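Participant:
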Amino acid sequence: MSIKKILVSQPKPSDSKSPYFDIAERHNVEIVFRPFIKVEGLSAKEFRQQKISIPEYTAIIFTAKTAIDSFFHICEEMRIVIPETMKYFCTTEAIALYLQKYTVYRKRKIFHGETGKLDDPALVACMNKHCKEKFLYAVSDVHKDGACPLDNTKIKYSKAVMYRTVSNDFTADEPFDYDVLIFFSPAGIDSLLKNFPDFKQGDIRIGVFGVATAKAVTEAGLRLDFQAPNPKTPSMVSALDAYLTENNI
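Counting along the sequence shown from 1, when you hit position 11 you're at 125 in the working numbering, and nothing is skipped either side.
Put into structure tokens, the structure is as follows:
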């Protein structure tokens, strides 16, 4: 069975130079970008149920732009005025720069790591330097419980759920005629089964990024056809390219 149409469960790249477009042209396939999940912020009413008082905190930790939007939306809805002394710690520079949408960017109050991870050495060192602050860590409803990289720092922190991942439902008249489905999170697999409870994989190929997503595929009783990252294909783009090269004759 030849591959003609591929669904990538992510938003369409804004950059016209995305390697996905090169793959589509090189392999003569159609790539459709259609997220299976979407993220939405909590309402103030929902946030209040956690019994967390934002004004009690002097520093906020962000790992995503969505967390920033949700935090400031909640503050606006609850009429909380964020003091100029509030400090912000972000896992990447891009997330830190996004704060300019809501506050004046000052190096003395906005800090960021380089690797995108909470245990980034530079970010950890920075948080430890400001360990007298009271930290609030903005997370999603699907964050991992248990051990957290912040436990290895000197800081005192609390987690606050500020946004959630929900299924991005398909409409009744939306075609679902794909030869390949590509997923990046277990939530995407959950959404597939929610939208299509009688889904039969048949000849449809499934590619995933990450161990957790691969596990979700097999636990759902589906066939996993290719996966990234691995030594030969470290990215989803390279894995898809390799799979098409090998199978789309």
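Heads up, the beta-carbon is just placed ideally off N, CA and C, and yes, glycines get one too. Since we're looking at a predicted model, the values are computed, not measured.
Can you give me the C-alpha to C-alpha distance between residue 286 and residue 150, rounded to a whole angstrom?
Facilitator: So the two alpha carbons sit approximately 15 Å from each other.
Participant: Which residues bound the beta strand (DSSP E) around residue 279?
Facilitator: Its beta strand (DSSP E) spans residues 270-281.
Participant: Say whether the segment 333-340 touches the segment 312-322, bearing in mind that this needs 3 or more beta-carbon pairs closer than 8 Å, one atom from each stretch.
Facilitator: Touching, yes, given that three or more Cβ pairs across the two stretches are closer than 8 Å.
Participant: Can you tell which of 277, 146, 173 and 305 has the C-alpha that lies nearest to the C-alpha of residue 222?
Facilitator: When each option's Cα is compared against that of residue 222, the closest is 173.
Participant: Do you know offhand how far residue 167's Cα is from residue 316's?
Facilitator: Rounded to whole angstroms, residue 167 to residue 316 spans 51 Å at the Cα level.
Participant: Are the beta-carbon atoms of residue 239 and residue 224 separated by less than 8 Å?
Facilitator: No.
Participant: If we call anything under 8 Å between Cβ atoms a contact, is residue 163 one with residue 274?
Facilitator: No. Outside cutoff.
Participant: Which residues does DSSP list as the beta-bridge partners of residue 240?
Facilitator: Partner(s): none; residue 240 has no beta bridge.
Participant: Quick check for students: name the residue ranges of the beta strand (DSSP E) that lie wholly in the segment 134-199, counting only runs of 3 or more.
Facilitator: Within the segment 134-199, the complete beta strand (DSSP E) runs of at least 3 residues are 144-147, 151-155 and 173-176.
Participant: Between the segment 179-186 and the segment 239-255, can you find at least three pairs of beta-carbon atoms closer than 8 Å?
Facilitator: Flag = yes, the segment 239-255 and the segment 179-186 touch.
Participant: If you check the beta carbons only, do residue 343 and residue 326 fall under 8 Å apart?
Facilitator: Taking 8 Å as the Cβ cut-off, residue 343 and residue 326 do not qualify as a contacting pair.
Participant: CB-CB under 6 Å to residue 161, same chain, minus the five flanking residues each way: which ones, in chain order?
Facilitator: 188, listed in sequence order.
Participant: Do you know how far the Cα of residue 143 is from the Cα of residue 307?
Facilitator: Each residue's Cα considered, the two are about 25 Å apart.
Participant: Among 330, 232 and 361, whose alpha-carbon lies nearest the alpha-carbon of residue 305?
Facilitator: Among 330, 232 and 361, the Cα nearest to that of residue 305 is on 330.
Participant: Please classify residue 247 as buried or exposed, where buried requires at least 16 other C-beta atoms within 10 Å of its C-beta.
Facilitator: By the 10 Å Cβ count, residue 247 comes out buried.
Participant: Is residue 318 helix, strand or coil by DSSP?
Facilitator: Reduced to three states, the DSSP call for residue 318 is coil.
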